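In the working numbering, the protein residues as written are 335 to 545. C-beta atoms are modelled at their ideal positions from N, C-alpha and C, and glycine is treated no differently. Given the structure is predicted, the values throughout are model-derived calculations rather than measurements.
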């Protein structure tokens with residue numbers, strides 16, 4: 335039992351950390367573009383903002399289980415297979431990108447407009463404003479959003495176990511539910527709860543220090 339749960343725990347950590355890493359990197363791109371092209375942004379553009387806004391909202395509307403099935407061809411293309419822990423990184427990352435993009439956009443657009451105008455008056459370029467004003471001021475809020483993303487991905491990784499992603503969700507379903515072995519279901523549930531509490535605690539601590 336312990337070997338099975340230990341392996342599944344590592345798989346869950348791998349999926350959550352890996353997908354968080356890739357989604358944050360890829361999510362920054364649409365977040366910056368949305369912030370820049372918004373009506374109150376540095377470079378307002380209704381067409382680009384409208385299209386990207388629609389795209390982000392569209393991907394956010396898909397339930398994870400459905401999205402995981404839809405992207406199977408793309409998952410197979412990137413990972414070489416459609417199921418497994420490594421393959422699960424693809425749909426997990428895709429599902430998290432629009433969420434993290436919206437979180438980062440919200441944090442960036444929450445920066446005091448007075449600071450931006452002050453930077454402009456001193457002749458700061460757009461890249462300088464993005465790096466030294468937007469990102470610097472919004473970093474605590476962005477970190478808080480990343481924390482929420484990781485917690486959501488824990489739930490997604492557990493759901494992914496239903497279709498062969500591995501991890502604690504897979505153990506809970508195969509051993510706890512299908513084989514009627516309640517200790518597996520209880521232990522995996524407790525581990526997931528501990529994960530969520532630990533991530534939230536670390537996120538709150540860092541947020542307070544950085545704020």
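Span of the alpha helix (DSSP H), counted from its first residue to its last, around residue 391: 380-394
When 393, 392, 364 are compared against residue 382, the one with the closest alpha-carbon: 364
Contact between the stretch 470-479 and the stretch 534-543 (3+ Cβ pairs under 8 Å): The stretch 470-479 makes contact with the stretch 534-543, as at least three CB pairs between them are under 8 Å.
At least 3 beta-carbon pairs within less than 8 Å: the stretch 411-430 vs the stretch 453-462: Under the Cβ criterion (8 Å, minimum of three pairs), the stretch 411-430 does not count as touching the stretch 453-462.
Nearest-angstrom Cα separation, counted from residue 350 out to residue 485: 9 Å
Minimum C-alpha distance to residue 402 - residue among 416, 371, 392: 416
Limits of the unbroken alpha helix (DSSP H) element including residue 460: 460-463
Presumed contact (8 Å Cβ cut-off) between residue 526 and residue 464, rounded CB distance: Not really, about 37 Å apart at Cβ, beyond 8 Å.
Simplified DSSP assignment, three categories, for residue 376: coil
Separation of residue 424 from residue 414, as counted between CA atoms: Distance between the alpha carbons of residue 414 and residue 424: 11 Å.
Nearest-angstrom Cα separation, counted from residue 344 out to residue 505: Put simply, the backbone Cα of residue 505 is about 12 Å away from that of residue 344.
Other residues of its chain near residue 419: CB distance less than 7 Å, five sequence neighbours each side excluded: 345, 348, 349, 499, 500, 501
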